[in-house]
Structures are given as C-alpha cells and as structure tokens.
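Quick mapping for you: the protein sequence lines, in order, are chains A and B. Counting from 1, one number per residue, gives the positions in the first sequence under my numbering. Counting from 1001, one number per residue, gives the positions in the second sequence under my numbering. From the three backbone atoms N, C-alpha and C, an ideal C-beta is built for every residue, glycine too. In this text the structure is predicted, and so the values were computed from the model without any measurement. Data first, discussion second: the structure below is written as structure tokens.
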Amino acid sequence: MKTFLIALCLLVSFTSLANETYQFDSPEQERLYREIANELRCPKCQNQSIADSDAPLSEDLRYLVYQKLKAGENKQQILQYMQERYGDFVLYDPPISPKNYVLWFMPLLVFIIIIIALIARVGRRELQPEDEAEE
Amino acid sequence: MKAKKIIIAVTPLLIFLVLVLVFKSSLSNDPRKLETKLVGQKVPSFKLGSVTNPEQVITNADLPKEIYLLNVWGTWCVSCYAEHPYLIEFSKTYPIKWVGMNYKDKPKDAIDYLQKYGDPFIYSIADISGQLGIDLGVYGAPETFIVDAQGYIRDRHVGVIDNRVWNKVIIPKLEAIGWENKR
C-alpha cells in the first residue's frame, strides 16, 4: 500500500510538467527549470504557463529554457530573452511600468480616498451633532 | 444638505457610466492580439534555406532594400489557407514585395502548398526549427510584419489579412511610413 501511494505521488508530480524528459546537470538546475517554466506565460494559449501548455510553441520555449540553463544562463537572462521577444505579456510577474500603474496604485488611491472621507465625516459629526437628527 | 443628497444620488450613476465606458472599450480590445517588442528593431539575424530552392541560402543581406511585408505561414496553419488567395491577389495588384517565412513546416508540404495554391512570395525562408519565429516573437500564424527600406520592423499584424484588413489597416500603415501605391 505504501509503495502504491509513493508511486501515485510520483505519477502526479511528473504529469505536472508536460511531455519531455530532460537530463539535468543537477537537481538545482531542474528546480530552476521548473520554476522558470511556471513563470513564463504561453503566448499562444494565454491562461497557461509554458509548463502547463501542450502547444507546440510552449514545447519549443521549454526546450529553449532547458538549452539555456544547460549553457549556463541564469534565470534573469532567460526571462529577459523571452521578454525581448514576446513582451511583458510572457512574464507572469511583469515589472511595474506606466502601463500598469492603474493596477498597482488604484487600490492604494481608493484606500486613501476612503480614509480621507471617513476622517472628514467623523470630524464633522463631532463638530455638528445636530446633523444626525436631520438624516 | 440638498447638494449632499444630489451627490449621493449621482455617485452610483457616475460609477455605472464609468464602468460602461470601460467595458465598452474592452469589447473592441482583442486580448489575443499582443503588442510586439520588435517595432523599431531590425529583422533578427538569420541564415536559412529557401523553400522553393533548397540550394539557396537566405540571410538578412538578401532581404528587399525597400518597404516590404514579411508573412509568417505554414501548411499546418488553418487560417493561412483562408489568407492565401488574398496574398495572391495583393501581390499581383499592389507594388509591394512579400517575403514568406515558412514557420515550422515540412519542406515538402510547403512546396506542395505553393504549387497547389500559387506563390505570392518573392521567396520563402524555411524556418524549420522555429528559431527565427521565436526571435520574431511569432505566436500565431499568419502574422505579417511591415519592414521599412532600412530593414527595421515598423509594425506587426496578427491574423488573416483579408480585403477589409488590407484596406483599413495595412495600407494606411504602409502609407504612413512612405510607401506609394504606384508602380
């Protein structure tokens, strides 16, 4: 039973990264490969990482990541290589830029507005308690 | 107090209107169309064979020294079959060169395709491994790159170019970079 469970776990863990079996120089390199493949978004099938996707393009990109790791490139270099070709879109963790300022700073802005509104309201209530009755 | 009540009454309406505008603009925004990072850059360097002439080696030096269109196609690409008759027509009726980029194809399939449906290209670069495609950021054939006389990529269109796209999108973009529609 224990063996069966271990086998099952192994099976599940292997299916998480599609198809190919590559030979890595070290477990560290393999870990990095998985990490990068999960952080790159498939340009063709937009809601999957290249690790999840079966698209031929993802297969090519995975192979490219593998080759580049083998050649000694680091994660930063590989992500930059992809970004130069496919744009920020390909990164699941895109950098902050004017294009996504709204996304980053809108919640903060809304939060600040609410705080100011609350302070103003509470402050006024303390000054003019008769307002309550009217509402 | 009246002013305050008006503000309270109008705020949800305003939020609603803003949302309508946001959603309206998203309707015409196709998320499958990605920007290209290559605008303003030279065509990536390559050295590949020609589809129709296996002896011939094509490099960047062989690319046209005038404004031209680089079309990425493949026989595995279903939309390319729909686009092909338009390319044949445009290549005959407009004074612009089309360079083919046969992406991840079998050479024999590509030759058969061009013989069967006609060849609108001055030549087709055979990118069998797909490396040039990756360097160009190709993610969905057909894709068409507008390249200027100095070899810089000026724009990219992803998807089929039919009459409407040709007249509404491609020609204006070509004219904007100095292309003239006369022989």
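I'd like to check one pair, residue j with residue i: are the Cβ atoms closer than 8 angstroms?
i, j, result
"residue 61 (chain A)", "residue 40 (chain A)", "yes"
"residue 1098 (chain B)", "residue 1063 (chain B)", "no"
"residue 87 (chain A)", "residue 1037 (chain B)", "yes"
"residue 36 (chain A)", "residue 99 (chain A)", "no"
"residue 57 (chain A)", "residue 1139 (chain B)", "yes"
"residue 1047 (chain B)", "residue 1149 (chain B)", "no"
"residue 1082 (chain B)", "residue 1160 (chain B)", "yes"
"residue 1153 (chain B)", "residue 1058 (chain B)", "no"
"residue 1060 (chain B)", "residue 1043 (chain B)", "yes"
"residue 38 (chain A)", "residue 51 (chain A)", "yes"
"residue 1127 (chain B)", "residue 1075 (chain B)", "no"
"residue 46 (chain A)", "residue 1156 (chain B)", "no"
"residue 1100 (chain B)", "residue 1073 (chain B)", "yes"
"residue 1106 (chain B)", "residue 1133 (chain B)", "no"
"residue 89 (chain A)", "residue 1034 (chain B)", "yes"
Measuring only between beta-carbons, confirm whether residue i sits less than 8 angstroms from chain A.
i, result
"residue 1130 (chain B)", "yes"
"residue 1012 (chain B)", "no"
"residue 1174 (chain B)", "no"
"residue 1008 (chain B)", "no"
"residue 1142 (chain B)", "no"
"residue 1155 (chain B)", "no"
"residue 1035 (chain B)", "yes"
"residue 1104 (chain B)", "yes"
"residue 1074 (chain B)", "no"
"residue 1127 (chain B)", "no"
"residue 1109 (chain B)", "no"
"residue 1137 (chain B)", "yes"
"residue 1146 (chain B)", "no"
"residue 1134 (chain B)", "yes"
"residue 1032 (chain B)", "yes"
Can you have a look at residue i and say buried or exposed, based on whether 16 or more other CB atoms are within 10 angstroms of its CB?
i, result
"residue 1129 (chain B)", "exposed"
"residue 123 (chain A)", "exposed"
"residue 26 (chain A)", "exposed"
"residue 1102 (chain B)", "buried"
"residue 1045 (chain B)", "exposed"
"residue 43 (chain A)", "buried"
"residue 1137 (chain B)", "buried"
"residue 1071 (chain B)", "buried"
"residue 1008 (chain B)", "exposed"
"residue 1039 (chain B)", "exposed"
"residue 1190 (chain B)", "A query on residue 1190 (chain B) cannot be resolved here, the shown segment of chain B reaching from 1001 to 1183 and no further."
"residue 101 (chain A)", "exposed"
"residue 1026 (chain B)", "exposed"
"residue 1141 (chain B)", "buried"
"residue 53 (chain A)", "buried"
"residue 1170 (chain B)", "buried"
"residue 115 (chain A)", "exposed"
"residue 113 (chain A)", "exposed"
"residue 119 (chain A)", "exposed"
"residue 1172 (chain B)", "exposed"
"residue 1006 (chain B)", "exposed"
Is residue i close to the ligand NAP? I mean its beta-carbon at under 7 angstroms from any heavy atom of the ligand.
i, result
"residue 120 (chain A)", "Summarising the ligand content, the structure contains no ligands, and the ligand NAP is consequently not present."
Is there a Cβ of chain B sitting closer than 8 angstroms to that of residue i, yes or no?
i, result
"residue 173 (chain A)", "Outside the displayed range of chain A (1 to 135) lies residue 173 (chain A), so it cannot be described from this structure."
"residue 64 (chain A)", "yes"
"residue 25 (chain A)", "no"
"residue 126 (chain A)", "no"
"residue 46 (chain A)", "yes"
"residue 52 (chain A)", "no"
"residue 85 (chain A)", "yes"
"residue 93 (chain A)", "no"
"residue 40 (chain A)", "no"
"residue 56 (chain A)", "yes"
"residue 107 (chain A)", "no"
"residue 43 (chain A)", "yes"
"residue 14 (chain A)", "At residue 14 (chain A) the pLDDT is 49, less than 50, meaning the model places this residue with poor confidence; the figure from the coordinates comes in the next sentence. By this cut-off, residue 14 (chain A) is not an interface position."
So, does the segment 1107-1125 of chain B touch the segment 1136-1149 of chain B, judging by three or more C-beta pairs under 8 angstroms?
Short answer: they don't touch.
The segment 1091-1106 of chain B / the segment 1116-1134 of chain B touching (three or more Cβ pairs under 8 angstroms):
Segment contact: the segment 1091-1106 of chain B against the segment 1116-1134 of chain B, three or more CB-CB distances shorter than 8 angstroms; contact assigned.
Quick check for students: name the residue ranges of the alpha helix (DSSP H) that lie wholly in the segment 1072-1101 of chain B, counting only runs of 4 or more.
Inside the segment 1072-1101 of chain B, DSSP marks whole alpha helix (DSSP H) runs of 4 or more residues at positions 1078-1093, from first to last along the chain.
Sequence ranges, beta strand (DSSP E) only - wholly within the segment 1124-1182 of chain B, length at least 3
Whole beta strand (DSSP E) segments, 3+ residues: 1143-1147 and 1153-1158.
Per the contact definition of three or more C-beta pairs closer than 8 angstroms, is the segment 79-94 of chain A in contact with the segment 1158-1175 of chain B?
The answer is no - the segment 79-94 of chain A does not touch the segment 1158-1175 of chain B, with fewer than three Cβ pairs under 8 angstroms.
Does the count of Cβ pairs from the segment 1049-1066 of chain B and the segment 63-80 of chain A closer than 8 angstroms reach three?
They do not touch, by the three-pair rule.
With a threshold of 8 angstroms, are at least 3 pairs of Cβ atoms found where one atom belongs to the segment 74-87 of chain A and the other to the segment 1171-1179 of chain B?
Contact between the segment 74-87 of chain A and the segment 1171-1179 of chain B is absent: fewer than three C-beta pairs spanning the two stretches fall below 8 angstroms.
If you scan the segment 54-83 of chain A from start to end, which runs of the alpha helix (DSSP H) of 4 or more residues do you find wholly inside it?
Correct list: 56-70.
Jot down the residue ranges of each uninterrupted beta strand (DSSP E) in the segment 90-114 of chain A, minimum 3 residues, whole runs only, in chain order.
Counting only unbroken stretches of 3 or more residues, no beta strand (DSSP E) element lies wholly within the segment 90-114 of chain A.
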